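**Q** So the sequence shown is numbered by the UniProt record's numbering: it starts at 1 and just counts up by one.
For every residue, glycine included, the Cβ atom is placed at its ideal position computed from N, Cα and C.
Bear in mind that the values here come from a model prediction, so they are computed numbers and not experimental data.
Sharing a structure, written as structure tokens. Questions coming.
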Amino acid sequence: MTVEVGLRERKKQQTRAKIMDAALNLFAARGFDDVRVSEIARLAEVSEATIFNYFPTKEDLVYQGMGTYEDALIAAIRDRPTGTPILTAAREFVVQRRGALATADPAALARVATMARLIAGSAALRTREQQIIDRATTELAQLIAAEQVPEVLAYTSANALLGISRALTREVHRLALAGRTGADIAAHMLAEGARAFDLLEDGLGEFAPGR
Numbered sequence: 001m002t003v004e005v006g007l008r009e010r011k012k013q014q015t016r017a018k019i020m021d022a023a024l025n026l027f028a029a030r031g032f033d034d035v036r037v038s039e040i041a042r043l044a045e046v047s048e049a050t051i052f053n054y055f056p057t058k059e060d061l062v063y064q065g066m067g068t069y070e071d072a073l074i075a076a077i078r079d080r081p082t083g084t085p086i087l088t089a090a091r092e093f094v095v096q097r098r099g100a101l102a103t104a105d106p107a108a109l110a111r112v113a114t115m116a117r118l119i120a121g122s123a124a125l126r127t128r129e130q131q132i133i134d135r136a137t138t139e140l141a142q143l144i145a146a147e148q149v150p151e152v153l154a155y156t157s158a159n160a161l162l163g164i165s166r167a168l169t170r171e172v173h174r175l176a177l178a179g180r181t182g183a184d185i186a187a188h189m190l191a192e193g194a195r196a197f198d199l200l201e202d203g204l205g206e207f208a209p210g211r
């Protein structure tokens, strides 16, 4: 049974990757808005229904990793050790190499640049990005408020913490489009991330210090 489940999961991952590759190739060539899901399905050799089984919306073909990242950040704060400040848990999660910045593969960084161009050229993608951020902000604020924090302060801190994450993402996009190497971008982002959290330290450092 375990082997069967493993094979099934691997097949799902392969199908997901095949759909993503087809979508990004078409988006890169023609722009996000001018590509139909039916065209992606044809190139990936799957049905449109299969695509929507993996990606609820066309926009999620671009943002498939963003919601997962935000969820992981929220989980890092929720599951932090007793006595650990929220700010510390967030800093430890955000200020580290991951994704394209954790590899020397130039193709990974080229993919980031492609994503940045797609987002800049599509209002639909920017709207979807804001929806993901709004959902994550509400969820994080509710988590913080559950620790006996007033609602206004909970939402303020949630916006600040997720704001750092989004600001760093935008900076990565800018530098990738400018042709900077992955190593250069990673070093820059670690430094800028640390500075951003230092900026919040006085305001949030003693806030909700731990359960």
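So, helix, strand or coil for G130, using DSSP?
**A** Looking up residue 130 in the sequence shown gives position 130. The residue you asked about is not Gly; residue 130 is Gln in the sequence shown. It is helical.
**Q** Beta carbon of G182, beta carbon of A100: below 8 Å?
**A** Taking the sequence shown and counting its residues from 1, the one referred to as residue 182 is at position 182. Taking the sequence shown and counting its residues from 1, the one referred to as residue 100 is at position 100. Contact flag set, yes.
**Q** What first and last residue would you give for the alpha helix (DSSP H) that runs through D60?
**A** Residue 60 sits at position 60 when you count from the first residue of the sequence shown. Per DSSP, D60 belongs to the alpha helix (DSSP H) from D60 to Y63.
**Q** Decide yes or no for the touch test of the stretch 173 to 182 against the stretch 158 to 165: beta carbon pairs closer than 8 Å, at least 3 of them.
**A** Verdict: no, contact absent.
**Q** I need the DSSP call for G6, collapsed to helix, strand or coil.
**A** Taking the sequence shown and counting its residues from 1, one reaches residue 6 at position 6. DSSP places G6 in helix when its eight states are reduced to three.
**Q** Measuring CB to CB, does L26 end up less than 8 Å from I74?
**A** For the purposes of this step, residue 26 is taken as residue 26 along the sequence shown, with counting starting at 1. For the purposes of this step, residue 74 is taken as residue 74 along the sequence shown, with counting starting at 1. For L26 and I74, no; Cβs fall outside 8 Å.
**Q** G83 by DSSP, collapsed to three states: which one?
**A** The residue labelled residue 83 in the question sits at position 83 within the sequence shown. Correct three-state label for G83: coil.
**Q** Would you check if the distance between the CB atom of L61 and the CB atom of M115 is smaller than 8 Å?
**A** Locating residue 61 in the sequence shown gives position 61, counting from the first residue. Locating residue 115 in the sequence shown gives position 115, counting from the first residue. Contact: no.
**Q** Does the stretch 118 to 127 come close enough to the stretch 30 to 45 to have 3 or more Cβ pairs within less than 8 Å?
**A** Yes, the stretch 118 to 127 is in contact with the stretch 30 to 45.
**Q** Runs of 3 residues minimum, wholly inside the stretch 141 to 175: which ones carry the beta strand (DSSP E) assignment?
**A** If we require 3 residues or more, the stretch 141 to 175 turns out to have no beta strand (DSSP E) run fully inside it.
**Q** Counting along the chain, where does the alpha helix (DSSP H) carrying L118 start and finish?
**A** In the sequence shown, residue 118 corresponds to position 118, counting from 1. Note, L118: alpha helix (DSSP H), P106 to A120.
**Q** Residues in the same chain with beta-carbon distance under 6 Å from L43, minus the five sequence neighbours each way, listed in chain order, please.
**A** Mapped onto the sequence shown, residue 43 falls at position 43. Here the set comprises A22.
**Q** Drop a sphere of 10 angstroms on the beta-carbon of A45, count the other beta-carbons inside from all chains shown, and report buried for 16 or more, exposed for fewer.
**A** On the sequence shown, residue 45 is found 45 positions in, with the first residue counted as 1. Correcting the residue identity first, residue 45 is Glu in this sequence and not Ala. Exposed.
**Q** Consult DSSP for A14 and reduce its assignment to one of helix, strand or coil.
**A** Position 14 of the sequence shown, counting from 1, holds the residue named residue 14. The identity of residue 14 in the sequence shown is Gln, whereas the question assumes Ala. Helix at Q14.
**Q** Taking the C-alpha atoms as reference points, what is the distance between S38 and H173?
**A** As a working mapping, residue 38 is identified with position 38 in the sequence shown. As a working mapping, residue 173 is identified with position 173 in the sequence shown. Rounded to the nearest angstrom, the two C-alpha atoms are 29 Å apart.
**Q** Determine the DSSP secondary structure at F32, reduced to helix, strand or coil.
**A** Here residue 32 refers to the residue found at position 32 of the sequence shown. The answer is coil: DSSP assigns F32 none of H, G, I, E or B.
**Q** A89 and A104: beta carbons closer than 8 Å?
**A** Against the sequence shown, residue 89 aligns to sequence position 89. Against the sequence shown, residue 104 aligns to sequence position 104. Cβ atoms of A89 and A104: not closer than 8 Å.
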